[in-house]
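Structure, as structure tokens:
Protein chains: 2
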Amino acid sequence: MRIFFAGSIRGGRQLIPTYLHIIDFLKSHDCTIISEHVASQVLEKTEAKMTEQEIFEKDTTWIEESDRVVAEVTVPSTGVGYEICHAVAHKKPVLCVYEKGAKVSAMVLGNTSKYVTAIPYSDKKQLEETLQDFLEK
Amino acid sequence: MRIFFAGSIRGGRQLIPTYLHIIDFLKSHDCTIISEHVASQVLEKTEAKMTEQEIFEKDTTWIEESDRVVAEVTVPSTGVGYEICHAVAHKKPVLCVYEKGAKVSAMVLGNTSKYVTAIPYSDKKQLEETLQDFLEK
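Chains Y and L, in that order, are what the protein sequence lines are.
Add 3 to a position in the first sequence, counting from 1, and you land on the number used in our numbering.
Add 3 to a position in the second sequence, counting from 1, and you land on the number used in our numbering.
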């Protein structure tokens, strides 16, 4: 299964360890993560060599080419919000996960599209169970 | 002209004075702001009485019913990102404005849709000129 992983880049990088954990879990369950760079510590250096248009085209095309999208939405991010909507427009199932208690947008929590599911987690075990369920659906 | 104004709500409310300035400027230029509540100091209390689904349906419907969208994208916001993409999907011209130097998403800065324009401002005069240009197009 080809998964586009979405996480905050310019909105704040404090959750990189969680992003890495999600990506590692999905990879260990036979998924290919198209956007593994999102959890890279050197991402911003890599993307600095690309134009803004190249980054936009790359990310939107990758979403279109994916089977499903997993978004970590704890850290507010304009890019992640855009990507979730782009995925919905292309009929991709999107799992949004977030730390319990985080102030998550109503565009995510209240999303009435059948493609979007939003589930909080209290610890890594819960997060993994949620990811596992999403893969088995 | 009916304008949907998008600004950060749960992502952070520090730019409410700017949101108010934009809304007042647009209203003084014969625009109706459908989503004036975005700049309300009591918004979160009002929305607390609605379900997440009601907020989602209200905001997406308002975008669909608008003529154009103005988004202030300085503060990272998953909701604003979602709304910009939703507006593009419905062929609404979207003006994204941001404080010069802000770390704005490549989904905005590099957006290759003909509907999205992103312009920084250094002061209120520049911001007003950008809004004026958008209205005259």
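Backbone N, C-alpha and C fix where the C-beta goes; we use that ideal spot for every residue, glycine too.
C-beta atoms of residue i and residue j nearer than 8 Å
i	j	result
Val-83(L)	Thr-81(Y)	yes
Val-41(Y)	Tyr-22(Y)	yes
Ile-8(Y)	Ile-25(Y)	Inspection of the sequence shows that residue 8(Y) is occupied by Phe rather than by Ile. Yes; because the gap between Cβ atoms is below 8 Å, this pair is in contact.
Gly-104(Y)	Pro-79(L)	no
Ile-66(L)	His-93(L)	yes
Phe-1(Y)	Leu-98(Y)	Here chain Y has residues from 4 to 140 only, and residue 1(Y) is not among them.
Ser-43(Y)	Thr-35(Y)	no
Lys-95(L)	Tyr-118(L)	yes
Thr-77(L)	Glu-39(L)	no
Glu-60(Y)	Arg-5(Y)	no
Thr-63(Y)	His-89(Y)	yes
Tyr-85(L)	Val-100(L)	no
Leu-130(L)	Leu-29(L)	no
Glu-55(L)	Leu-18(L)	no
Within chain L, the residues that residue i reaches when beta carbons sit closer than 9 Å
i	result
Thr-115(Y)	Gln-56, Phe-59, Glu-60, Thr-63
Per DSSP, cross-strand counterpart(s) of residue i
i	result
Thr-35(Y)	Arg-5(Y)
Ala-74(Y)	Ala-9(Y), Cys-99(Y)
Beta-carbon neighbours of residue i, restricted to chain Y and to distances below 9 Å
i	result
Cys-88(L)	Gly-84, Tyr-85, Glu-86, Ile-87, Cys-88, His-89, Val-91, Ala-92
Val-76(L)	Thr-81
beta-carbon residue i near the ligand FMN non-hydrogen atom, thresh 7 Å
i	result
Glu-132(L)	The ligand FMN is not part of this structure, which contains no ligands at all.
8 Å Cβ cutoff, residue i in contact with chain A
i	result
Asp-33(Y)	This model lacks chain A altogether, as its protein chains are Y and L.
Review point. Residue ranges of each alpha helix (DSSP H) run of no fewer than 4 residues wholly in the segment 101-127 of chain L, ordered along the chain?
Key: 109-112
Practice item. Could you please tell me which residues of the segment 97-122 of chain L, in chain order, have their CB closer than 8 Å to any CB of chain Y? Key: Lys-106, Val-107, Ser-108, Ala-109, Met-110, Val-111, Leu-112, Gly-113, Asn-114, Thr-115
Review point. Taking any Cβ of chain Y, which residues in the segment 12-24 of chain L have a Cβ under 8 Å from it, in chain order?
Key: Ile-12, Arg-13, Gly-14, Gly-15
**Study point:** Contained alpha helix (DSSP H) runs [length at least 4] in the segment 39-70 of chain L, N- to C-terminal order
**Key:** 46-50, 55-68
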